[in-house]
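These notes concern the structure reproduced below.
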Amino acid sequence: MAKREERRLTGNVFQIGRGAQCQIHLPDTRVALVHARLVLGEHGSVIEADRHRIVYNDREVSGAELRVGDHIEIGPYVLSVETAPPGVALAIAVRVSKRVSTSGTRALYRALLRGPRLSKRRLSYLVFFGVLVLCLAAPIADRLAGDGSTLTRALALGAMQAWNPGPLSRAHAVFGRDCQSCHVRPFVAVAAEDCLGCHRSIRAHGPKEAFRAVSFAAGADLTCMQCHHEHQGGVMASRSPQICAQCHGGARPVAAGAQPIKATDFASDHPGFRLALVDPARPGALRRVAQRDASGAPPQEQSNLKFNHTLHLDPRGVRGPREARTALNCASCHEPGEGGSRMRPVSMERHCARCHSLQFEPGSAARQVPHGSLEQVRTMLREFYARSVLADAPAAQNARGVERVRPGAVVSPEERREAARLADEKASRALRELLETRKVCSTCHYVGRTARGDWQIAPVAISASWMPGASFDHARHATEPCITCHEVRSSRRAEDIAMPDIARCRDCHGGAAATPPKVASDCASCHRFHGGSSAWRELAHAPE
Amino acid sequence: MRHQDSILEYRAGFYLKLALAACLAAVAVFATHAPATRQAYGASALGYTLGTIAALLVLWLMALGVRKRGYRSRLGTVQGWTSAHVYLGASLLVIATLHTGFEFGWNVHTLSYVLMLLVIASGALGVYAYLRYPVLMTKNMADETLEALVLKIADLDRKCRRLALDLPDEVNAIVARGTRSAAREARIGGSLRRQLAGDAVACPTRAAAAELVALGGRYKGEQAALHGQLVSAMARKSVLTDRVRRDLRYRALMHVWLYAHVPLAFALVAALIAHVVSVFYFR
Numbered sequence: 000m001a002k003r004e005e006r007r008l009t010g011n012v013f014q015i016g017r018g019a020q021c022q023i024h025l026p027d028t029r030v031a032l033v034h035a036r037l038v039l040g041e042h043g044s045v046i047e048a049d050r051h052r053i054v055y056n057d058r059e060v061s062g063a064e065l066r067v068g069d070h071i072e073i074g075p076y077v078l079s080v081e082t083a084p085p086g087v088a089l090a091i092a093v094r095v096s097k098r099v100s101t102s103g104t105r106a107l108y109r110a111l112l113r114g115p116r117l118s119k120r121r122l123s124y125l126v127f128f129g130v131l132v133l134c135l136a137a138p139i140a141d142r143l144a145g146d147g148s149t150l151t152r153a154l155a156l157g158a159m160q161a162w163n164p165g166p167l168s169r170a171h172a173v174f175g176r177d178c179q180s181c182h183v184r185p186f187v188a189v190a191a192e193d194c195l196g197c198h199r200s201i202r203a204h205g206p207k208e209a210f211r212a213v214s215f216a217a218g219a220d221l222t223c224m225q226c227h228h229e230h231q232g233g234v235m236a237s238r239s240p241q242i243c244a245q246c247h248g249g250a251r252p253v254a255a256g257a258q259p260i261k262a263t264d265f266a267s268d269h270p271g272f273r274l275a276l277v278d279p280a281r282p283g284a285l286r287r288v289a290q291r292d293a294s295g296a297p298p299q300e301q302s303n304l305k306f307n308h309t310l311h312l313d314p315r316g317v318r319g320p321r322e323a324r325t326a327l328n329c330a331s332c333h334e335p336g337e338g339g340s341r342m343r344p345v346s347m348e349r350h351c352a353r354c355h356s357l358q359f360e361p362g363s364a365a366r367q368v369p370h371g372s373l374e375q376v377r378t379m380l381r382e383f384y385a386r387s388v389l390a391d392a393p394a395a396q397n398a399r400g401v402e403r404v405r406p407g408a409v410v411s412p413e414e415r416r417e418a419a420r421l422a423d424e425k426a427s428r429a430l431r432e433l434l435e436t437r438k439v440c441s442t443c444h445y446v447g448r449t450a451r452g453d454w455q456i457a458p459v460a461i462s463a464s465w466m467p468g469a470s471f472d473h474a475r476h477a478t479e480p481c482i483t484c485h486e487v488r489s490s491r492r493a494e495d496i497a498m499p500d501i502a503r504c505r506d507c508h509g510g511a512a513a514t515p516p517k518v519a520s521d522c523a524s525c526h527r528f529h530g531g532s533s534a535w536r537e538l539a540h541a542p543e
Numbered sequence: 000m001r002h003q004d005s006i007l008e009y010r011a012g013f014y015l016k017l018a019l020a021a022c023l024a025a026v027a028v029f030a031t032h033a034p035a036t037r038q039a040y041g042a043s044a045l046g047y048t049l050g051t052i053a054a055l056l057v058l059w060l061m062a063l064g065v066r067k068r069g070y071r072s073r074l075g076t077v078q079g080w081t082s083a084h085v086y087l088g089a090s091l092l093v094i095a096t097l098h099t100g101f102e103f104g105w106n107v108h109t110l111s112y113v114l115m116l117l118v119i120a121s122g123a124l125g126v127y128a129y130l131r132y133p134v135l136m137t138k139n140m141a142d143e144t145l146e147a148l149v150l151k152i153a154d155l156d157r158k159c160r161r162l163a164l165d166l167p168d169e170v171n172a173i174v175a176r177g178t179r180s181a182a183r184e185a186r187i188g189g190s191l192r193r194q195l196a197g198d199a200v201a202c203p204t205r206a207a208a209a210e211l212v213a214l215g216g217r218y219k220g221e222q223a224a225l226h227g228q229l230v231s232a233m234a235r236k237s238v239l240t241d242r243v244r245r246d247l248r249y250r251a252l253m254h255v256w257l258y259a260h261v262p263l264a265f266a267l268v269a270a271l272i273a274h275v276v277s278v279f280y281f282r
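As you go down the protein sequences, you meet chains A and B in turn.
The opening residue of the first sequence carries number 0 in numbering that gives the first Met the number 0; numbering runs sequentially from there.
The opening residue of the second sequence carries number 0 in numbering that gives the first Met the number 0; numbering runs sequentially from there.
What follows is the structure in structure tokens.
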């Protein structure tokens with residue numbers, strides 16, 4: 000307890016204030032010169048404020064009657080009414096309030112140390128668990144809810160979207176929120192089998208055995224995901240040459256037993272084309288041949304046909320049997336096939352027969368042998384001449400008499416044998432004329448004889464597709480004349496091959512990064528990963 | 000030991016070189032392995048590698064909060080840790096960006112990335128604060144301590160009030176308003192907003208000093224002398240309170256960025272957990 004000092008004042012009215020004239024002197028700036036008056040009356044004492052603020056028992060008043068126990072606040076001071084000793088009208092204790100510190104230092108420090116209400120730690124916990132709930136718990140709840148209660152679904156609706164790393168490709172957009180369509184097992188990577196569940200008819204890049212020895216990436220099997228990346232919108236198939244270069248970059252063998260081919264860029268790093276030739280000695284087997292051999296000579300096709308492009312494309316025209324000269328062009332024989340990408344095979348009946356007649360009997364100009372096997376021709380000739388001989392027979396002319404003799408026995412067996420012999424002789428003569436004398440067949444075919452002396456036509460072996468590995472589209476190149484790529488005007492032999500070489504393609508096509516006027520062309524511009532034609536897939540491992 | 004080195008120049012920028020080397024290596028590997036195959040993002044071997052490195056880096060960066068409180072730890076100096084924290088944290092800009100493979104969307108994956116960017120940005124503010132404000136604080140305090148200043152202010156308060164006692168009520172009212180600042184809390188310092196405002200707040204002391212000056216010439220004799228002393232005391236107090244406020248402002252600026260940096264870092268870790276779980280759940 001602080002030291003207490005007592006003073007006795009006499010009088011009826013006492014001034015309270017800062018001023019020196021005040022009987023109750025309260026030296027503080029917050030106290031007015033004359034702040035209040037204390038008036039002692041006969042019935043009690045009263046305090047009156049002098050235009051200033053006093054607080055009486057915690058209430059702001061302008062004046063009040065004083066009783067023992069009351070306290071009045073003036074500025075930092077508290078005046079308490081105490082029990083007066085005998086002979087004294089009023090006892091008042093004056094002290095400085097603890098509630099209003101005068102030093103200020105402590106209050107200032109309190110202010111300095113006070114941080115923001117939300118601490119870093121609390122804020123961190125808040126956002127940590129907030130993000131976990133929104134980004135982890137909600138999607139898992141969404142996933143677990145599945146087709147469960149509508150409430151659960153409504154609460155977590157779309158939360159799974161937060162996990163979606165990107166939009167699905169156009170083809171897979173139909174799966175929408177059904178992640179399990181592809182992600183069959185949690186925490187197990189999507190495997191090729193998961194894709195093949197739907198993509199049953201997709202072709203492999205090559206025979207599986209061929210790749211077994213050559214693992215595609217880090218010892219793993221060739222998986223769909225190495226080239227097809229989902230959740231990137233658009234299309235999943237990548238056209239990036241770098242993907243092909245993983246194997247066709249020359250760093251490692253393409254496949255077990257296959258030729259090492261390095262092809263990373265069409266313009267700068269692509270081997271010369273190789274042609275697929277049919278081997279007449281081994282029907283059905285293809286052979287891959289470079290467009291220029293070691294000596295620079297072009298390969299020859301052994302098709303066993305004769306054809307002279309120069310003759311047929313004579314600008315003055317060619318002479319047909321019935322009409323005057325007709326000028327032929329490429330389209331006279333080479334017609335676009337279905338879809339326009341490839342040409343239909345040239346057909347004797349459609350393209351050659353108008354001029355190259357197979358007539359055999361001058362008397363019957365309308366009749367021609369079929370364009371088929373020698374056996375078919377011989378049979379047709381025999382049938383023709385048999386009928387012809389029978390029609391010429393005397394008995395046949397007397398039809399009524401014959402009927403009278405015996406139905407079914409038109410001619411005698413002797414006559415029949417004679418007619419057959421005659422017909423065969425005529426047929427053989429006609430055949431010989433076709434094959435040898437008149438050289439009808441040998442106009443286009445190589446005609447020879449077997450060891451036994453039978454006629455023989457060398458089997459025709461024409462390439463159905465010169466470059467089965469390339470997906471060339473004639474329709475998309477229709478603005479160019481044929482001879483830009485197929486220069487046949489000086490070709491006099493069927494052995495000539497008029498396929499353009501890579502230099503010709505490069506006249507227009509650049510690499511993947513080519514800029515106009517070159518056409519940017521990546522691997523996929525010409526090649527199909529998933530196996531194009533089966534012929535090519537066999538060829539990929541065919542010997543040179 | 001070279002105490003004067005800033006965290007940026009610690010050990011001649013050893014961690015700067017380390018971070019630059021890491022960035023260059025990441026860029027080189029990315030350039031040779033990733034382009035155009037569209038395998039660059041997380042789902043490739045390169046993506047997993049970059050992602051793992053980035054995630055481990057984040058966890059280690061978080062560990063600074065533990066290390067700086069471990070006063071007994073002998074695991075390097077806090078200065079070294081902070082230097083590494085700054086540079087390796089900044090290297091995430093390159094490593095994590097390559098990890099994304101530049102694939103962004105409205106999902107937890109990009110959320111993690113954006114949070115990481117925000118953490119790094121707030122960290123950059125912190126580096127700026129650590130480099131700039133200590134210098135300004137020293138200059139502001141000019142060999143005095145905050146405590147000494149506060150005591151001086153309290154003394155001036157008392158002096159002002161004593162001088163005012165013999166002056167008229169109008170002066171007293173002004174002095175009461177002007178000195179209440181120190182007598183009552185929250186006029187210096189206080190809320191974060193007030194602390195950041197520094198000496199730009201409406202200062203009662205400054206206002207009181209101006210008002211007292213305006214009253215000049217009204218008094219004569221002894222009162223005029225007292226008034227003169229009062230004006231000078233109040234003006235000195237105004238200067239001191241402004242200095243205290245500036246000091247508090249610098250102290251606040253030194254720490255306020257942490258209110259973004261630390262919670263954002265925790266948000267980042269949460270988002271990373273969601274990111275990692277989700278990519279392995281749906282592999």
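Backbone N, C-alpha and C define an ideal beta-carbon position, used for all residues, glycine too.
Computed from a predicted structure; not experimentally measured.
- A/Phe-13 sits in a strand when the DSSP states are folded into three classes.
- Within a 10 Å sphere around the beta-carbon of A/Phe-186 sit fewer than 16 other beta-carbons, which makes this residue exposed.
- For A/Ala-63 and A/Val-45, the gap between their C-alpha atoms comes out near 6 Å.
- For the 7 Å CB-CB criterion, B/Asn-171 and A/Thr-28 form a contact.
- Partner residues in the beta bridge of A/Pro-335, as assigned by DSSP, are A/Met-342.
- The Cβ-Cβ distance between B/Ala-273 and B/Val-107 falls below 7 Å.
- In chain order, Leu-164 and Asn-171 make up the part of chain B whose C-beta sits under 8 Å from the C-beta of A/Arg-17.
- Following the DSSP letters along the chain, one finds A/Val-38 inside the beta strand (DSSP E) bounded by residues 35-39.
- In the three-state reduction of the DSSP assignment, B/Leu-110 falls in the helix class.
- In this structure, A/His-350 sits away from A/Leu-327, with a CB-CB distance that is not shorter than 7 Å.
- In the structure shown, B/Tyr-9 adopts helical secondary structure according to DSSP, grouped into three states.
- Residue pairing for A/His-444: DSSP places it in a beta bridge opposite A/Leu-304.
- In the three-state reduction of the DSSP assignment, A/Arg-176 falls in the coil class, being assigned neither a helical nor a strand state.
- A residue is called buried once 16 or more other Cβ atoms fall within 10 Å of its Cβ, and B/Gly-46 is buried on that count.
- Taking 7 Å as the threshold, the shortest C-beta distance from B/Tyr-132 to chain A does not fall below it.
- Beta-bridge partners assigned by DSSP to A/Thr-325: A/Val-317.
- Burial of A/Phe-359 is indicated by the presence of at least 16 other C-beta atoms within 10 angstroms of its C-beta.
- Our two residues, A/Arg-52 and B/Arg-176, have alpha carbons roughly 15 Å apart in a direct line.
- Proximity of chain B to A/Ala-31 at the Cβ level (cut-off 8 Å) is accounted for by Asp-168 and Asn-171, in chain order.
- If you check the CB distance, A/Leu-430 and A/Leu-380 come in under 7 Å.
- A straight-line Cα-Cα distance of about 7 Å links B/Lys-158 and B/Ala-232.
- When C-beta distances to chain B are compared with 8 Å, the residues of the stretch 165-199 of chain A below that value are Gly-165, Pro-166, Cys-178, His-182, Pro-185, Phe-186, Val-187, Ala-188 and Val-189, in chain order.
- In this structure the stretch 114-133 of chain B touches the stretch 252-269 of chain B; the number of beta carbon pairs closer than 8 Å is three or more.
- About 10 Å separates the beta carbon of A/Met-342 from that of A/His-485, a gap too long to meet the 8 Å contact definition.
- In the three-state reduction of the DSSP assignment, A/Gly-509 falls in the strand class.
- In the assembly as shown, A/Pro-412 is an exposed residue. Its beta-carbon has fewer than 16 other beta-carbons within 10 Å.
- Look at A/His-476 here: in three-state DSSP terms it is helix.
- In chain order, Ala-48 place their CB closer than 6 Å to the CB of A/Ser-61, counting only its own chain and leaving out the 5 sequence neighbours on each side.
- Rounded to whole angstroms, the separation of the alpha carbons of B/Tyr-86 and B/Leu-7 is 8 Å.
- Shortest Cα-Cα distance from A/Gln-231 to any of A/Ala-289, A/Ala-172, A/Pro-240 and A/Asp-69 involves A/Ala-172.
- For the 7 Å CB-CB criterion, B/Leu-49 and B/His-98 form a contact.
- Put simply, the CB of B/His-84 is far from chain A, with every gap to its CB atoms at 7 Å or more.
- Put simply, of A/Ala-477, A/Cys-194, A/Ala-90 and A/Cys-507 the residue whose alpha carbon is nearest the alpha carbon of A/Leu-37 is A/Ala-90.
- 7 Å or more divides the Cβ of A/Arg-199 from the Cβ of A/Ala-523.
- A/Ala-385 carries a helical assignment under DSSP once its states are collapsed to helix, strand and coil.
- Residue environment for B/Trp-256: buried (at least 16 other C-beta atoms within 10 angstroms of its C-beta).
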